[in-house]
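Positions 188 to 378 (this note's numbering) are the ones given, in order, by the sequence shown. Just so you know, even glycine gets a beta-carbon here, dropped at the ideal spot from N, CA and C. Input: a single structure, listed below in structure tokens.
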Amino acid sequence: MTTLTEGKLQFQFDETWSELVHYDTYPDVRKSHLSCVDIMGLNGGNKVFLFEVKDFKNQRPEQHDSIVRRLLPDSQSTHDNKVSPLLKDIVGNVKDSLLFLSLQSRRKALEEAEIWVSLREKIETPSNQIYVVLWLELDKGYPNLSAREVLSAQTILESKLQQRLSWLTSNVIVTDTARHPFGESLVVKAI
């Protein structure tokens, strides 16, 4: 079992997961000024997962407006192209992660070069499946956003992410600890 901590969440991956990379633990990520996803890894040998973790649960009331603004589409955007700031961040993080992965896999002097090379090869293999997972922890509702509106915003966010990431994959999952699809292979706890 591999345990990785991201913010106030602890991710426990069982033995079906391999080549797990916690981007924030690599000094080169910080030096690069790239904003990468939080975790990347393999499941079942041919499924590559990129996890972006956002934990907005149990935040102070004064932060609720900020959370709502990040989740909802920007009111300044044109009608057909309304995008939430959170969506922009996630798409950018996925692109930066792939760029960083490519750069690291070409640096032979790195001790960890093997894992970067292996992950790059897995992503570049057409028969492998790539998944982008937004692990989004939210309260059930906020003063300016009901529980129903929170669920609606999550559904819209997932659909928009699928559109924006169609160049990479159509496998986009927006989930949380209460309803994730990974069964016992991934246990996530608040710490």
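Counted as a single uninterrupted DSSP element, the stretch harbouring residue 333 is not any beta strand (DSSP E), since DSSP gives it neither H nor E. Proximity to residue 322 across 308, 377, 239 peaks at 239, based on C-alpha coordinates. Within the region 265 to 319, the complete alpha helix (DSSP H) segments at least 4 residues long are 272 to 292, 300 to 311, listed from N- to C-terminus. Taking 9 Å as the cut-off, the Cβ atoms of residue 192 and residue 198 count as close.
For the 9 Å CB-CB criterion, residue 367 and residue 375 form a contact.
Residue 229 is bridged by DSSP to 205, 235. Three or more beta-carbon pairs separated by less than 8 Å link the region 277 to 291 to the region 218 to 235, which places the two stretches in contact. For residue 343, the three-state secondary structure derived from DSSP is helix. When DSSP states are grouped into helix, strand and coil, residue 321 belongs to the strand group.
As the crow flies, the alpha-carbon of residue 206 is around 16 Å from that of residue 319. Secondary structure at residue 212: helix, using DSSP grouped into helix, strand and coil.
If you compare the alpha carbons of 334, 304, 274 with that of residue 286, the shortest gap goes to 304. From the listed residues 363, 228, 291, the smallest Cα separation to residue 345 is found for 363.
Cβ-Cβ separation between residue 337 and residue 327: approximately 7 Å, consistent with a contact (criterion under 8 Å). Here the alpha carbon of residue 276 sits roughly 20 Å from the alpha carbon of residue 246. Per the DSSP secondary-structure output, residue 200 pairs in a beta bridge with 189, 373.
Residue burial is scored here from C-beta neighbours: residue 195 has fewer than 16 other C-beta atoms within 10 angstroms and is therefore classed as exposed.
For residue 340, the CB contacts under 8 Å within the same chain, skipping 5 residues up- and downstream, are 258, 259, 271, 332 in chain order. The bridge partners DSSP lists for residue 245 come to none. In terms of Cβ geometry, residue 307 and residue 289 form a close pair [threshold 9 Å].
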